[in-house]
Each structure stands twice: as C-alpha cells, then as structure tokens.
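Asks:
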Amino acid sequence: MPSPRGAVGHPESGAAAMLYGRYHGKILGLAIRSGADGAWKAELREILAEFDNDCRDLSRFCSDLLRRELATQIEHEVLRFSDPDKQAVLAIALKHFDSL
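Written as structure tokens, this is what we have:
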C-alpha cells in the first residue's frame, strides 16, 4: 500500500498495509470465482462488514487512506473483467469504499 507523505513511519502503516493485502485479496478472489447465481452477494457483504470492523481499530487518517488505496486499485481491476458478475463484485466494493 503506497504511503503518502506524513504516513511513512506511522505506527499504523503496517497494520493498514496488512489490511490492504487481506481485503484486496478477498475481494479480488471473490470477483474471480463469482457467478451468475448471485451467491457472492452475501459473501461480499460479510467481507465489507469485516473490513469496516477492522478499520475501527485504525485512526481516521489511516482508515481513509486505506479506503482510497483500495478504491483506486479496484477501479483499475474493474476494467480487467468483461463478465458482468465479476464487474459487479468490484463495483459494489468500490461504491462501499467511496461512500465513506
């Protein structure tokens, strides 16, 4: 996870980087294995709720940075998929990160 000026050496930066990797992997993995049955929706809700819960342990600054970094990465990944179900997983996650 890239660090803006001021976050370098911040005690929470390691935790935020770990969360970035965890949730990026979970969301991308779900998108890859999603199908037309829509079963992925419940799992995505769980992932996003878990993410929100984990962010409560971070400062507002680190939480906002983490959300922006995940949103930026997911924006790029939406373009990699032509399957509408895979795009939907990423688009919903992106809206979640951008909404807060």
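The sequence shown runs 1 to 100 under the numbering used here. Backbone N, C-alpha and C fix where the C-beta goes; we use that ideal spot for every residue, glycine too.
What is the DSSP secondary structure of residue 80, counted as helix, strand or coil?
Replies: As a working mapping, residue 80 is identified with position 80 in the sequence shown. If DSSP states are grouped into helix, strand and coil, residue 80 belongs with coil.
Asks: Does DSSP put residue 35 in a helix, in a strand, or in coil?
Replies: If you number the sequence shown from 1, residue 35 lands on position 35. DSSP places residue 35 in coil when its eight states are reduced to three.
Asks: Whole angstroms is fine: what's the gap from residue 29's alpha carbon to residue 77's?
Replies: Locating residue 29 in the sequence shown gives position 29, counting from the first residue. Locating residue 77 in the sequence shown gives position 77, counting from the first residue. Residue 29 and residue 77: Cα-Cα distance of roughly 12 Å.
Asks: Return the chain-ordered list of same chain residues with a C-beta closer than 6 Å to the C-beta of residue 96, the five sequence neighbours on each side being excluded.
Replies: Here residue 96 corresponds to residue number 96 of the sequence shown, with the count starting at 1. Closer than 6 Å at the Cβ level, and outside the excluded window around residue 96, lie 48.
Asks: CA-CA distance, residue 20 and residue 80?
Replies: The residue labelled residue 20 in the question sits at position 20 within the sequence shown. The residue labelled residue 80 in the question sits at position 80 within the sequence shown. One C-alpha to the other measures close to 20 Å.
Asks: So for residue 59, helix, strand or coil by DSSP?
Replies: As a first step, residue 59 must be located in the sequence shown, where it is residue number 59. If DSSP states are grouped into helix, strand and coil, residue 59 belongs with coil.
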